[in-house]
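Here is the structure we will look at.
Number of protein chains: 2
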Amino acid sequence: MIISDNLKIYVQKLRSSNLRPTKQRLKICQFLFDREKTFHFTVETLNKKINKNGASKVSLATIYNTVEAFTSAGYLKEILTSKNKSYYDTNIKSHHHFYDEGSKELTDIHYSQIQLSKVPIPPKGKKIKNLEVVIRIQK
Amino acid sequence: MIISDNLKIYVQKLRSSNLRPTKQRLKICQFLFDREKTFHFTVETLNKKINKNGASKVSLATIYNTVEAFTSAGYLKEILTSKNKSYYDTNIKSHHHFYDEGSKELTDIHYSQIQLSKVPIPPKGKKIKNLEVVIRIQK
DNA sequence: TTCCAGTTTAGAATTATTATAAACTAGAAA
DNA sequence: TTTCTAGTTTATAATAATTCTAAACTGGAA
Ligand SMILES: [Mn+2]
Ligand SMILES: [Mn+2]
Ligand SMILES: [Zn+2]
Ligand SMILES: [Zn+2]
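Sequence order for the protein chains is A and B.
Just so it is clear: in the first sequence, position 35 is 44 by the working numbering, and no numbers are missing.
Just so it is clear: in the second sequence, position 87 is 96 by the working numbering, and no numbers are missing.
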């Protein structure tokens with residue numbers, strides 16, 4: 010079901026995340042990366058979608074492990090915005106978000122849409138790891 | 010142990026949060042608000058400190074309930090920065106933070122220390138609820 | 001083809017948080 | 001003051017997200 014060009018890319022992504030290309034992991038890759046547009050998800054939604062139509066099942070543990078490995082390797086971005094649940098993003102370019110507190114959905118804000126004209130210097134010996142803004146919105 | 014001036018303030022804070030001034034809640038107030046400087050905490054650290062030296066105990070449920078009520082009433086600010094735990098701030102003025110991923114500690118950034126010279130318009134029918142920046146730092 | 005380190009998986013464990021329900025109490029009213 | 005009751009406290013159970021475990025399974029090197 011995976012066209013061979015993409016297969017190579019997925020195998021490469023897995024290998025460089027220190028993961029062997031198994032059929033479960035390739036199924037996850039296909040769902041995450043075989044798309045025109047990037048998207049946001051939680052482990053809960055990913056698990057439901059991956060295991061929707063019968064065929065073979067992928068365990069929740071494998072989904073957690075793979076998402077975690079891809080996040081460490083930089084193929085997914087984790088977005089901390091919600092009290093009890095982690096969100097992930099297949100858009101790994103640095104960018105900002107709206108977070109709708111009603112629908113609990115994230116929307117991308119292109120990096121150039123926010124300009125920080127003044128940023129403080131971090132404490133001695135510390136470096137800025139990440140400066141992405143989450144703007145909370147509601148009705 | 011609570012000087013009477015502060016007592017009045019605490020009773021007022023509790024009443025306006027729709028809470029009766031009980032001795033457990035006053036103990037929490039004293040710990041949170043009887044200080045020169047504001048500070049950041051988690052429910053876990055607050056519970057430990059409140060119940061450190063013997064005397065009378067305050068249950069974890071009461072701590073959760075009181076913190077939640079003060080947050081809704083605007084006497085505490087909740088800061089979502091960590092995957093599995095909520096942080097709270099007794100500094101309720103709008104301001105930004107450094108979050109140290111090593112020590113897991115928050116540091117205030119005065120509101121004027123960050124200047125956003127360009128901010129996107131929220132989607133139709135939505136308003137910006139909050140625009141406070143968390144800058145992740147590490148060694 | 002063999003073989004084993006790496007993998008998958010179901011289920012248990014952990015952690016933060018929220019809910020429950022019985023015993024207690026603040027404070028209004030008698 | 002005493003009574004009375006709605007609100008409160010508390011221990012404990014329940015829930016939800018996440019992480020761990022250990023036994024069965026398999027990718028791929030040799
Ligand atoms: Mn939680
Ligand atoms: Mn959790
Ligand atoms: Zn995004
Ligand atoms: Zn602060």
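Just so you know, even glycine gets a beta-carbon here, dropped at the ideal spot from N, CA and C.
**OP:** Under 7 Å between beta-carbons, which chain A residues line up against D109(B)? List them in chain order, please.
**Re:** Taking the second sequence and counting its residues from 1, the one referred to as residue 109(B) is at position 100. Correct list: K135.
**OP:** Whole angstroms is fine: what's the gap from K133(B)'s alpha carbon to D14(B)'s?
**Re:** Taking the second sequence and counting its residues from 1, one reaches residue 133(B) at position 124. Taking the second sequence and counting its residues from 1, one reaches residue 14(B) at position 5. For K133(B) and D14(B), the distance between alpha carbons rounds to 47 Å.
Original post:
How many angstroms separate the CA atom of K22(B) from the CA atom of Y84(B)?
Top reply: Working through the second sequence from its first residue, we reach residue 22(B) at position 13. Working through the second sequence from its first residue, we reach residue 84(B) at position 75. Inter-residue distance for K22(B) and Y84(B) is about 8 Å (C-alpha atoms, whole angstroms).
**OP:** Taking K58(B) as the reference, give the member of I72(B), D98(B) and H105(B) with the closest Cα.
**Re:** For the purposes of this step, residue 58(B) is taken as the residue at position 49 of the second sequence. Distances from the CA of K58(B) to each of I72(B), D98(B) and H105(B) were compared; the closest alpha carbon is that of I72(B).
Original post:
Any idea what DSSP makes of F48(A), helix, strand or coil?
Top reply: In the first sequence, counting from the first residue as 1, residue 48(A) sits at position 39. Coil, per DSSP.
Subject >> Cβ shell of H49(B) (< 6 Å), same chain only, five flanking positions each side left out >> reply: Residue numbering aside, residue 49(B) sits at position 40 when the second sequence is read from its first letter. Around H49(B): Y96, D98 and L115.
Subject >> Residue-chain proximity (L215(A), chain B), Cβ-Cβ < 8 Å >> reply: The question about residue 215(A) has no answer, for chain A in this structure spans 10 to 148.
**OP:** Name the two residues that bound the continuous alpha helix (DSSP H) containing L85(A).
**Re:** By 1-based counting over the first sequence, the position of residue 85(A) is 76. Boundaries cannot be given for L85(A), as no alpha helix (DSSP H) includes it and DSSP labels it neither H nor E.
Subject >> 7 Å Cβ shell around F79(A) - same chain, five flanking residues per side excluded >> reply: The residue you call residue 79(A) lines up with position 70 of the first sequence. If we look at F79(A) and ignore the five residues flanking it on each side, its Cβ neighbours are S26 and L85.
**OP:** Return the chain-ordered list of same chain residues with a C-beta closer than 6 Å to the C-beta of V20(A), the five sequence neighbours on each side being excluded.
**Re:** The residue given as residue 20(A) occupies position 11 in the first sequence. A distance below 6 Å between beta-carbons, with the five flanking residues on each side excluded, links V20(A) to the following residues of its chain, in chain order: P30.
Original post:
Roughly how many angstroms lie between the CA atoms of Q67(A) and R44(A), to the nearest whole one?
Top reply: Here residue 67(A) is taken as the residue at index 58 of the first sequence, counted from 1. Here residue 44(A) is taken as the residue at index 35 of the first sequence, counted from 1. The displayed chain sequence assigns Val, not Gln, to residue 67(A). Each residue's CA atom was taken as its position, placing V67(A) and R44(A) some 20 Å apart.
Original post:
Would you call the CB atoms of K136(B) and Q147(A) closer than 8 Å?
Top reply: As a first step, residue 136(B) must be located in the second sequence, where it is residue number 127. As a first step, residue 147(A) must be located in the first sequence, where it is residue number 138. Cβ distance < 8 Å, so K136(B) and Q147(A) count as in contact.
Original post:
Leaving out the 5 sequence neighbours to the left and right, which residues in its chain are closer than 6 Å to A128(B) when beta-carbon positions are compared?
Top reply: Position 119 of the second sequence holds residue 128(B). A small fix is needed here, since residue 128(B) is Val in this sequence, not Ala. Contacts found: none.
Subject >> Any beta strand (DSSP E) of 3 or more consecutive residues that is wholly inside the segment 58-112 of chain B >> reply: Positions of the beta strand (DSSP E) runs, each at least 3 residues long and wholly inside the segment 58-112 of chain B, are given as 86-88, 96-98 and 105-109 in order along the chain.
Subject >> Continuous alpha helix (DSSP H) stretch holding K127(B): start and end >> reply: By 1-based counting over the second sequence, the position of residue 127(B) is 118. First-last for K127(B): Q124 to K127, but that is the beta strand (DSSP E), not the alpha helix (DSSP H).
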